[in-house]
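Participant: Note that the protein sequences, when read in sequence, are chains H and V.
Per the working numbering, the first sequence starts with residue 209, numbered consecutively.
Per the working numbering, the second sequence starts with residue 209, numbered consecutively.
Backbone N, C-alpha and C fix where the C-beta goes; we use that ideal spot for every residue, glycine too.
From a predicted model like this one, the values you see are computed outputs, not experimental measurements.
2 protein chains.
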Amino acid sequence: MPVNALISSLPLAEGSTHAHTGAWVASVLRSRIAEGHLLPGAKLSEQALAEALGVSRNTLREAFAVLDHELIITRIPNRGVFVASPGVAGVKEIYGVRRMIEPAALLWGPNLNTEALVSIVIEARAALAAGDIEAMADANQCFHEELVRATGNQHLQELMTRVLAQMRLVFHAMSDAPDFHSHYVELNGSLVELLQAGRREDAANELRGYLDRAEAELLAHLDEEN
Amino acid sequence: MPVNALISSLPLAEGSTHAHTGAWVASVLRSRIAEGHLLPGAKLSEQALAEALGVSRNTLREAFAVLDHELIITRIPNRGVFVASPGVAGVKEIYGVRRMIEPAALLWGPNLNTEALVSIVIEARAALAAGDIEAMADANQCFHEELVRATGNQHLQELMTRVLAQMRLVFHAMSDAPDFHSHYVELNGSLVELLQAGRREDAANELRGYLDRAEAELLAHLDEEN
DNA sequence: TGAACGAAGATTGTTCAACAATTTCCGGAC
DNA sequence: GTCCGGAAATTGTTGAACAATCTTCGTTCA
Chain H
209 MPVNALISSL PLAEGSTHAH TGAWVASVLR SRIAEGHLLP GAKLSEQALA EALGVSRNTL
269 REAFAVLDHE LIITRIPNRG VFVASPGVAG VKEIYGVRRM IEPAALLWGP NLNTEALVSI
329 VIEARAALAA GDIEAMADAN QCFHEELVRA TGNQHLQELM TRVLAQMRLV FHAMSDAPDF
389 HSHYVELNGS LVELLQAGRR EDAANELRGY LDRAEAELLA HLDEEN
Chain V
209 MPVNALISSL PLAEGSTHAH TGAWVASVLR SRIAEGHLLP GAKLSEQALA EALGVSRNTL
269 REAFAVLDHE LIITRIPNRG VFVASPGVAG VKEIYGVRRM IEPAALLWGP NLNTEALVSI
329 VIEARAALAA GDIEAMADAN QCFHEELVRA TGNQHLQELM TRVLAQMRLV FHAMSDAPDF
389 HSHYVELNGS LVELLQAGRR EDAANELRGY LDRAEAELLA HLDEEN
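#1: Residue range of the beta strand (DSSP E) that V/ILE284 falls in?
#2: Among residues of its own chain, excluding the 5 on either side of V/THR229, which ones have a beta-carbon nearer than 7 Å to its beta-carbon?
#3: For H/VAL299, which option in H/ASN413, H/LEU402, H/ARG370 has the closest C-alpha, if you only look at C-alpha atoms?
#4: Is H/GLU409 close to chain V, meaning its C-beta is less than 8 Å from at least one C-beta of that chain?
#5: Taking one C-beta from the stretch 407-426 of chain H and one from the stretch 339-354 of chain H each time, how about it: are there three or more such pairs within less than 8 Å?
#6: Helix or strand or just coil, what does DSSP make of V/TYR418?
#7: Should H/ASN443 and H/HIS389 be called a contact, given that it needs their Cβ atoms to be closer than 8 Å?
#8: For the beta strand (DSSP E) holding V/VAL289, just list the boundary residues, first then last.
#9: Skipping 5 residues on each side, what residues in its chain have a beta carbon closer than 7 Å to that of V/ASP387?
#10: Taking all protein chains shown into account, do 16 or more other C-beta atoms lie within 10 angstroms of the C-beta of H/ILE438, making it buried, or fewer, making it exposed?
#11: Quick check on V/LEU246: does DSSP put it in helix, strand or coil?
#12: Taking Cβ-Cβ distances shorter than 7 Å, what residues in chain V pair up with H/GLY295?
#13: I'd like the span of the alpha helix (DSSP H) that includes V/ALA334, first residue to last.
#14: By DSSP's criteria, V/LYS251 is part of a beta bridge. Which residues make up the other side?
#15: When you check each C-beta in the stretch 261-282 of chain H against every C-beta of chain V, which residues fall closer than 7 Å?
#16: Is the CB of H/GLN362 under 8 Å away from at least one CB in chain V?
#17: For chain V, find out if any of its Cβ atoms is closer than 8 Å to the Cβ of H/PRO285; answer yes or no.
#18: Whose Cβ in chain V lies nearer than 8 Å to the Cβ of H/GLU301?
#19: Consider the Cβ of V/HIS228: report whether some Cβ of chain H lies at a distance smaller than 8 Å.
#20: Can you tell me whether H/ASP276 is buried or exposed, with buried defined as 16 or more other CB within 10 angstroms of its CB?
#21: Shorter than 8 Å from the beta carbon of V/TRP232 to some beta carbon of chain H?
#22: Answer with buried or exposed for V/PRO248, where buried requires no fewer than 16 other C-beta atoms within 10 angstroms of its C-beta.
#23: Between which two residues does the alpha helix (DSSP H) containing H/ARG370 stretch?
#24: What do you get for H/ALA422, buried or exposed, if any count of 16 or more other CB atoms within 10 angstroms of its CB means buried?
#25: Going by DSSP in three states, V/THR359 sits in which element: helix, strand or coil?
#26: Would you list, in chain order, the members of the stretch 405-430 of chain H that have their beta-carbon closer than 8 Å to a beta-carbon of chain V?
#27: Excluding the five sequence neighbours on either side, which residues of its own chain have a C-beta within less than 7 Å of the C-beta of V/LEU399, listed in chain order?
#28: H/SER224 to H/ARG283, Cα distance in whole Å?
#29: V/MET367 CB to nearest chain H CB: under 8 Å?
#30: Mind listing the chain H neighbours of V/ALA313? Cutoff is C-beta to C-beta under 9 Å, in chain order.
#31: In three-state terms, what does DSSP make of H/PRO311?
#32: If H/VAL296 and H/MET344 are in contact, beta carbons under 8 Å, what's the gap, nearest whole angstrom?
#33: Going by alpha carbons, who is nearest to V/LEU372 out of V/VAL236, V/GLY288, V/VAL305?
#34: Could you tell me the distance, in whole angstroms, from the CA atom of V/MET382 to the CA atom of V/LEU426?
#35: Helix, strand or coil: how does DSSP classify H/ALA230 here?
#36: Which first and last residues belong to the alpha helix (DSSP H) in which H/ARG269 is found?
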């Protein structure tokens, strides 16, 4: 288990004393997990983590409460805390959310910023040409985040951020994953074209089909992995 | 593998005295607030609450972390914890969520249960006839919760539950509120009629208008209160 | 051999007491 | 009346402690 080595590289709490340490711990763990340094299924030992982060077990526990609520970690009573690893049910949940919110944003979002979407697609194409899969995945995530930004609503954006964080966990759990992102670049592109033509309803419908196919693809890959 | 392996894979027994006290405290406070026993703006003193609930300050703190994340309470560093009191911005956020999720559920929800909605409308009508405003408000809430249940998605349902909890806070904050609920009974009724006729798109559009008017009404009342 | 048993040892759940950092309260000075 | 300064109260955080629960690992018994 390489977790111990990674934990030791965590930054220690320093300087600013007495300010929402719990939230700080939560954010550190959140990004550590998002970046894939802590992989799904990894156990987060209270004692080890508290020591590594330079905070007390009680403070760490407050961070755990937040991350648990965000579904980034899984707490099993008397067993411990683990990085969440969404299975088939999790993927279905994720796409259930996306299939409602994203088309709704496209169809009814009052702040739809087509230009921002265009520039993201251009970025993604550049990343694709450069063979930078990481950058492409980032761009794809930005695209869908920008989409939900059209709702002009903080709650929905937070939900989407949470869901996309879970998506990252799914990808991290599949180390042998093929490149899921590259062939969505052009799908995003055609979506943007529809938007530029003012055909929001068509765009929403296309997006729904797109999400259906993406879910099916992921589920197929998850099944064959077991 | 030995019997031990089989036993350990069984679902964990609930009700143990030694688990989830933090979650329990959170649920107690949640319902206390929902029922209006703790009004918006009220301060939740750590010491007093911990003593009253018979838990330690640390455990109470874990509950606070959860409720803060649910936006049911507001934490101000070094000042304390208060029951949230959504203002104009909060109401706009709430309706921003509802205006996206509810029509989407109506339009695309795979588990739309028209019969359940019908029976809720019937209940609401009975409450209206009996002059029971409380029951009417409950029925109205059930109606919209059932609507989101059509999405078959837990995340969206949780978000909706959170949003409806904030709605209750808004109503509690307006002690002199007129009866906002009674004239929505028939609007829900006409919505159901459209659904029974299979006209989901029309229903979604009508619901959007309905939510727009409801928001405007609430905002007007909030403005004149200041 | 291999499965069941059971007693350490480790880990989590929770509380308590203490202390530092801030805010709030209150009485006096101008 | 308001401005100031110092108690008093409250929050933020820690460390130790203990009970409950899991894990581990050697022992016993078919």
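Facilitator: Reading off the structure:
#1: Translated into the one-based positions of the second sequence, residue 284 of chain V becomes position 76. First-last of the beta strand (DSSP E) with V/ILE284: 281-284.
#2: Taking the first residue of the second sequence as position 1, residue 229 of chain V is located at position 21. Cβ neighbours of V/THR229 beyond the five flanking positions: VAL263, THR267.
#3: Locating residue 299 of chain H in the first sequence gives position 91, counting from the first residue. Nearest of H/ASN413, H/LEU402, H/ARG370 to H/VAL299, Cα basis: H/ARG370.
#4: Position 201 of the first sequence, counted from the start, is the residue given in the question as residue 409 of chain H. No, H/GLU409 lies away from the interface with chain V (no Cβ there is under 8 Å from its Cβ).
#5: no
#6: Translated into positions along the second sequence, residue 418 of chain V becomes position 210. DSSP, reduced to helix, strand and coil, places V/TYR418 within a helical segment of the structure shown.
#7: Chain H is shown from 209 up to 434; residue 443 of chain H falls before or after that span and cannot be answered.
#8: Against the second sequence, residue 289 of chain V aligns to sequence position 81. Where V/VAL289 is concerned, the enclosing beta strand (DSSP E) stretches over 288-291.
#9: Against the second sequence, residue 387 of chain V aligns to sequence position 179. Answer for V/ASP387: ILE341, listed in chain order.
#10: Here chain H has residues from 209 to 434 only, and residue 438 of chain H is not among them.
#11: Position 38 of the second sequence, counted from the start, is the residue given in the question as residue 246 of chain V. Coil.
#12: Your numbering for residue 295 of chain H matches position 87 in the first sequence. Result: empty, since nearest Cβ-Cβ is about 14 Å, beyond 7 Å.
#13: The residue labelled residue 334 of chain V in the question sits at position 126 within the second sequence. Going by DSSP, V/ALA334 is part of the alpha helix (DSSP H) stretching over 322-338.
#14: Against the second sequence, residue 251 of chain V aligns to sequence position 43. Its beta-bridge partners are V/PHE290.
#15: ASN266, ARG269, GLU270, ALA273, VAL274, HIS277
#16: Locating residue 362 of chain H in the first sequence gives position 154, counting from the first residue. So yes, H/GLN362 belongs to the interface.
#17: Taking the first residue of the first sequence as 1, we reach residue 285 of chain H at position 77. At least one C-beta of chain V is nearer than 8 Å to the C-beta of H/PRO285.
#18: Indexing the first sequence from 1 puts residue 301 of chain H at position 93. ASN361, GLN362, HIS363, listed in chain order.
#19: Your numbering for residue 228 of chain V matches position 20 in the second sequence. Interface residue, yes.
#20: Taking the first residue of the first sequence as 1, we reach residue 276 of chain H at position 68. It is buried - the Cβ of H/ASP276 has at least 16 other Cβ atoms within 10 Å.
#21: Counting from 1 along the second sequence, the entry for residue 232 of chain V is found at position 24. No, because no Cβ of chain H sits closer than 8 Å to the Cβ of V/TRP232.
#22: Position 40 of the second sequence, counted from the first residue, corresponds to residue 248 of chain V. Buried: at least 16 other Cβ atoms inside 10 Å.
#23: Reading the first sequence from its first residue, position 162 is the one you call residue 370 of chain H. Where H/ARG370 is concerned, the enclosing alpha helix (DSSP H) stretches over 362-381.
#24: Residue mapping note: residue 422 of chain H aligns to position 214 of the first sequence, counting from 1. So H/ALA422 ends up on the buried side.
#25: The sequence position of residue 359 of chain V within the second sequence is 151, counting from 1. Reduced to three states, the DSSP call for V/THR359 is coil.
#26: Those would be ARG416, in chain order.
#27: For the purposes of this step, residue 399 of chain V is identified with residue 191 of the second sequence, where counting begins at 1. Taken in chain order, the residues that qualify are ALA411, GLU414, LEU415.
#28: For this step, residue 224 of chain H is matched to residue 16 along the first sequence. For this step, residue 283 of chain H is matched to residue 75 along the first sequence. Unreliable placement is indicated for H/SER224, whose pLDDT of 43 sits below 50; the coordinate value is still reported in the next sentence. Whole-angstrom Cα-Cα distance: 29 Å.
#29: Here residue 367 of chain V refers to the residue found at position 159 when the second sequence is read from its first residue. It should be noted that the sequence gives Leu, not Met, for residue 367 of chain V. Interface residue, yes.
#30: Counted from its first residue, the second sequence places residue 313 of chain V at position 105. Under the 9 Å cutoff, chain H gives MET308.
#31: For this step, residue 311 of chain H is matched to residue 103 along the first sequence. The DSSP-derived three-state label of H/PRO311 is helix.
#32: For the purposes of this step, residue 296 of chain H is taken as residue 88 along the first sequence, with counting starting at 1. For the purposes of this step, residue 344 of chain H is taken as residue 136 along the first sequence, with counting starting at 1. Not a contact, Cβ separation roughly 25 Å.
#33: Position 164 of the second sequence, counted from the first residue, corresponds to residue 372 of chain V. Nearest of V/VAL236, V/GLY288, V/VAL305 to V/LEU372, Cα basis: V/VAL305.
#34: For the purposes of this step, residue 382 of chain V is taken as residue 174 along the second sequence, with counting starting at 1. For the purposes of this step, residue 426 of chain V is taken as residue 218 along the second sequence, with counting starting at 1. So the two alpha carbons sit approximately 10 Å from each other.
#35: Within the first sequence, the letter at position 22 stands for residue 230 of chain H. Sequence inspection shows Gly at residue 230 of chain H; the Ala mentioned does not correspond to that position. DSSP places H/GLY230 in helix when its eight states are reduced to three.
#36: As a position in the first sequence, residue 269 of chain H is number 61, starting the count at 1. From DSSP, the alpha helix (DSSP H) with H/ARG269 extends over 265-277.
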